[in-house]
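K.L.:
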Amino acid sequence: MSAAAQSEVLRALQQATGRTENVLRYIIPKEGISMAYAASDARDEKGVAVFSGGSIGFGVDEPISRMVLTARRFNPEIRAAGAIKLRDDIKETVKEVFLDVGEYDAAKYPKGISTMEWGLNFICRNRNARGDKTDDAEDGVPAAVCVENTSENTGCIYIFGETPDEVANRIFIISERLTL
2 MSAAAQSEVL RALQQATGRT ENVLRYIIPK EGISMAYAAS DARDEKGVAV FSGGSIGFGV
62 DEPISRMVLT ARRFNPEIRA AGAIKLRDDI KETVKEVFLD VGEYDAAKYP KGISTMEWGL
122 NFICRNRNAR GDKTDDAEDG VPAAVCVENT SENTGCIYIF GETPDEVANR IFIISERLTL
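Okay, so the sequence shown: first residue is 2 according to the numbering used here, each after it adds one.
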């Protein structure tokens with residue numbers, strides 16, 4: 002990846018995460034906002050920029066980078082994701098706003114495989130096999146995925162989009178809906 006392409010990805014990710022500074026703190030995990038944006042030719046974590054815990058960079062082995070890479074296998078246009086808290090009221094709001102939400106329990110994944118990869122693969126393959134996609138669904142990739150029982154014990158909701166700006170907009174909409 003060229004330096005110009007890297008710079009473009011980092012700039013877009015930084016701008017989007019800056020826009021999330023005004024969202025309801027209630028939906029932000031205690032570690033802070035986490036977002037990822039894959040370069041158009043990303044094949045592994047080295048091609049995914051991650052903003053997490055106030056730092057930004059490529060090649061960070063974070064669950065969110067694995068989620069973006071897995072989503073891209075089902076739809077290469079999905080290049081960005083953001084993570085928010087998983088709480089019942091947030092989850093219900095996400096379902097009301099997007100209608101297209103997948104769920105899985107990370108405690109039920111097979112041993113020896115990445116939880117994130119397994120979960121999103123499971124959701125996307127089952128949706129494709131059943132033809133269980135809404136009009137907004139892109140090749141079986143839902144707008145959001147709720148992950149129960151992650152290693153952080155609180156779970157999280159991953160919001161997907163083509164750009165980090167789209168993900169930031171979706172997070173902002175969820176925040177607005179929760180304050181109404």
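Positions of the beta carbon are idealized from the N, C-alpha and C atoms, including for glycine. Note that the coordinates shown come from a computational prediction; the quantities given were computed from them, not determined experimentally.
1. Count the C-beta pairs between the segment 159 to 171 and the segment 81 to 88 that are closer than 8 Å, then say yes if the count reaches three, no if not.
2. Where do the N-terminal and C-terminal ends of the alpha helix (DSSP H) with Ala6 fall, by residue?
3. Does the Cβ of Arg26 lie closer than 7 Å to at least one heavy atom of the ligand ZN?
4. Tell me, which residues are paired with Val51 by DSSP?
5. Tell me the rounded alpha-carbon separation between Glu177 and Pro143.
6. Can you give me the start and stop residues for the alpha helix (DSSP H) that Lys86 sits inside?
7. Tell me which residue opens and which closes the beta strand (DSSP E) that Val146 is part of.
8. Return the CA-CA distance between Gly120 and Val49, expressed in angstroms with no decimal places.
9. At the level of alpha carbons, what is the spacing between Ala5 and Leu70?
10. Give a yes or no on whether 8 Å exceeds the smallest Cβ distance from Ala37 to chain D.
P.N.:
Reading from the atomic positions:
1. yes
2. Ala4 to Arg20
3. With respect to small molecules bound, the structure shown includes none, and the ligand ZN cannot be examined in it.
4. Ala37 and Gly58
5. 21 Å
6. Not the alpha helix (DSSP H): Lys86 falls in the beta strand (DSSP E), residues Ala81 to Lys86.
7. Ala145 to Glu149
8. 19 Å
9. 21 Å
10. You won't find chain D in this structure, because it holds only one protein chain.
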